[in-house]
Amino acid sequence: MKLSMISKSLLIALPLLALSACSSKSYNDSAAMEANKAAMEQAAMDKAAMELAAMERAAEENKIETDGLQVVELTEEELMAQQYSDAILQKTIQFDFDTSMIKPEFTSILDAHAKFLVNNPSKKVTIEGHTDEKGTPGYNIALSERRAMSVSVYLENMGVLPDQISVVSYGEEKPLNFGHSEASWADNRRAELVY
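Residue numbering for the sequence shown follows this note's numbering, beginning at 998 and increasing consecutively.
Shown next as structure tokens:
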């Protein structure tokens, strides 16, 4: 569209330029007059060629930007698929000390597992509850069961069938980290999804 506008402008500008080069004054030297006219015409053509080249570059850049947008869209779809795959690979849900409440940062992982289980009703998952070594063995067994059950309830609320889920409570018996520091204990406060 811009190309036709420039072409139209040139069609109007060139004759006007030619007319303006003609003057009512008489020149003694017709060669100088022809040289002046040729220079003006050449300048007008150079300007038109530069504008045309600029338009072609802009059109090419626009094409690249459009292609880039298409690539970005594909990349976003691939990114979503990758995030889903990454979430499915994460099978550990961490808990704070002495609680069975699911932290908000783990809901996307559970959402991905729920989606997987809903889409694959023949698949089954065992949720293993764990605690750190603090507390009595009886208390830790009960707490680890509450943690596993909170994950189970979350998955069921997302549409997973109850017969796809089983719950096991290990208490402090299967630590992930054998250390005796706060960081080690935090690692052990978890529920694990095992397919």
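Even for Gly, the Cβ is constructed at its ideal location relative to N, Cα and C.
Remember, predicted model here, so these are calculated numbers, not experimental data.
Cutoff 6 Å; reference residue i; Cβ partners in own chain excluding five residues on either side
i       : result
PHE1103 : ILE1090
PRO1172 : ASN1185
Residue span of the beta strand (DSSP E) that contains residue i, given as start and end
i       : result
LEU1173 : It is not in any beta strand (DSSP E) - LEU1173 carries neither H nor E in the DSSP assignment.
ILE1090 : 1089-1091
Whole-number beta carbon distance between residue j and residue i, since they are thought to touch under 8 Å
i       : j       : result
TRP1182 : GLU1125 : Between GLU1125 and TRP1182 the Cβ distance is about 17 Å, and since that is not below 8 Å, they are no contact.
ARG1187 : HIS1127 : 5 Å
SER1166 : GLU1189 : Contact doesn't hold; Cβ gap of about 12 Å is too wide.
ARG1144 : PHE1092 : 5 Å
TYR1151 : ILE1099 : 6 Å
ALA1084 : ILE1106 : 5 Å
Where the alpha helix (DSSP H) through residue i begins and ends
i       : result
GLU1179 : 1179-1185
SER1105 : 1104-1116
Own chain residues within Cβ distance below 8 Å of residue i, not counting five before or after
i       : result
SER1163 : LYS1121, VAL1122, THR1123 and ILE1124
GLU1153 : PRO1159 and ILE1162
LEU1140 : ASP1095, SER1097, GLY1126, THR1128, GLY1132 and GLY1168
Chain-order list of residues whose beta-carbon lies under 7 Å from that of residue i (same chain, five-residue window excluded)
i       : result
LEU1114 : LYS1120, VAL1122, LEU1152, VAL1157 and GLN1161
- Task: Can you check the region 1120-1173 for any beta strand (DSSP E) of at least 3 residues that lies completely inside it and give the ranges in chain order?
- Result: 1122-1127 and 1162-1168
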